[in-house]
Structure formats: C-alpha cells, structure tokens
Amino acid sequence: MVTSDAAFDPEPVDSTVTPDLLALENQVCFALVVASRSVLSLYRPVLEPLGLTHPQYLVMLALWSQDERSAGDLATTLALEPATLSPLLKRLETAGLVSRRRSEADERVLVVSLTESGRDLRRQAESIPQQIVAQLGMAMDELASLRSSLHAVTAAAAASPTP
Numbered sequence: 044m045v046t047s048d049a050a051f052d053p054e055p056v057d058s059t060v061t062p063d064l065l066a067l068e069n070q071v072c073f074a075l076v077v078a079s080r081s082v083l084s085l086y087r088p089v090l091e092p093l094g095l096t097h098p099q100y101l102v103m104l105a106l107w108s109q110d111e112r113s114a115g116d117l118a119t120t121l122a123l124e125p126a127t128l129s130p131l132l133k134r135l136e137t138a139g140l141v142s143r144r145r146s147e148a149d150e151r152v153l154v155v156s157l158t159e160s161g162r163d164l165r166r167q168a169e170s171i172p173q174q175i176v177a178q179l180g181m182a183m184d185e186l187a188s189l190r191s192s193l194h195a196v197t198a199a200a201a202a203s204p205t206p
C-alpha cells in the first residue's frame with residue numbers, strides 16, 4: 044500500500060482509553076485527504092501518456108459509459124459544479140477528445156459527445172484500473188469494501204442537514 048504521508052500512522056484503538064477527539068489521527072477528514080492524495084499520485088504517471096489529468100479521466104470515464112449527454116448531467120454524475128466542469132470540457136475539446144454543441148431542442152443545454160479520438164482513447168485506458176490495483180497491492184474484496192464504505196460516507200454526508 045502506498046502512503047504519501049509517513050506522519051499518518053494512527054495508533055491502534057484501545058477501548059479502555061478515551062480518545063482525543065481532536066487528535067489529527069482520529070479525524071475521518073484527514074484520513075480521507077491523505078488516502079485521496081496517495082491514490083491520485085498513482086494515477087498521474089499512468090494518465091500522463093494519455094495526455095489526461097485525473098479530473099479529465101473521470102469525465103472520459105463518464106462519457107465512455109454513456110456518450111452524448113448534457114453538461115448538466117455530466118456535472119451531476121461527477122459530483123462537480125458546472126463551473127468546475129466547464130474548463131475540463133474546454134481542455135478536452137481542445138485536445139480533440141470531445142465536442143460540445145447546443146441542443147437543438149433546448150439551446151440552454153450544452154451536449155457533450157466523444158469524438159473518434161475520444162472513443163479510440165478508451166482502448167488505451169483499459170489497463171489503467173488493473174495498473175492502479177496492482178500498485179495498491181490490495182485484494183479486490185478489500186477495495187470493493189472500501190468503495191462501499193466511501194459511498195456510504197458520501198450518502199450520509201449528503202443526507203446530513205446543512206447547519
């Protein structure tokens with residue numbers, strides 16, 4: 044397993060001792076940030092030969108699963124604000140991987156489609172998940188359990204009332 048931050052080494056939980064609730068190593072947010080940074084650092088060198096950043100890769104994954112979709116739908120699928128998605132789409136369009144056009148039915152809707160180059164890139168990207176899993180050195184069932192737990196955290200946070 045790759046850890047980019049050697050300082051993150053939480054102590055085993057001792058049920059007889061009251062934990063310091065403000066200790067950095069006890070914070071879920073800190074564990075998520077460190078894990079995210081560590082995993083994303085594995086993607087950078089794998090995506091670089093394809094000319095993609097990780098956020099652009101996520102856009103391409105969404106389009107490879109369902110081409111010809113609205114920018115709003117993409118933003119929702121990727122849990123991004125439209126203002127964050129827009130520059131990603133612009134760069135992918137400049138790279139010749141996607142095209143953007145206004146919907147004929149509703150000019151307010153921006154439709155995003157893969158170009159032939161964007162569709163061809165999928166074949167080159169097919170080995171990426173296996174490369175990342177191999178670098179992590181974790182069993183598939185561990186990763187599936189982690190993904191399930193992360194989805195539960197995301198759903199719980201989304202359902203939580205905003206203060």
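Residue numbers (the numbering used here): 44 to 206. Note that CB positions come from ideal geometry on N, CA and C, so glycine has one too.
So if DSSP puts residue i in a beta bridge, which residue, or which two residues, is it bridged to?
i	result
Arg143	Val155
Arg190	In DSSP, Arg190 forms no bridge with anything.
Going straight from the alpha carbon of residue i to that of residue j, what length do you get?
i	j	result
Ala177	Ala200	30 Å
Phe73	Ser191	19 Å
Met183	Thr197	21 Å
Ala118	Glu68	33 Å
Thr137	Ser160	12 Å
His97	Arg112	20 Å
Asp63	Val71	13 Å
Leu189	Arg162	30 Å
Ala202	Leu75	19 Å
Gly139	Ser79	29 Å
Pop quiz: residue i and residue j are said to be a contact at Cβ under 8 Å. What is the actual Cβ separation, rounded to whole angstroms?
i	j	result
Leu186	Val155	Leu186 to Val155, Cβ: 29 Å. No contact.
Leu123	Val141	Wrong, their Cβ atoms sit about 15 Å apart, outside the cutoff.
Val152	Leu132	With a Cβ gap of about 14 Å, Val152 and Leu132 do not count as contacting.
Tyr100	Ile175	So it is not a contact: roughly 11 Å between Cβ atoms.
Leu221	Ala148	Coverage of the chain is limited to positions 44 through 206, which leaves residue 221 absent and any answer about it impossible.
Among the options, whose alpha-carbon lies nearest the alpha-carbon of residue i?
i	options	result
Glu169	Ser84, Leu104, Leu85, Leu121	Leu104
Ser108	Gly115, Pro98, Thr120, His97	Thr120
Arg134	Leu164, Pro172, Gly94, Leu90	Gly94
Gln173	Asp110, Ser188, Arg143, Val89	Val89
State yes or no: is the C-beta of residue i nearer than 7 Å to some heavy atom of the ligand SAH?
i	result
Gln167	Looking for the ligand SAH in the displayed structure turns up nothing, as the structure carries no ligands at all.
Checklist line | alpha helix (DSSP H) segments (min. 4 residues) lying fully within the stretch 58 to 139 | finding: 71 to 90, 97 to 108, 114 to 121, 125 to 137
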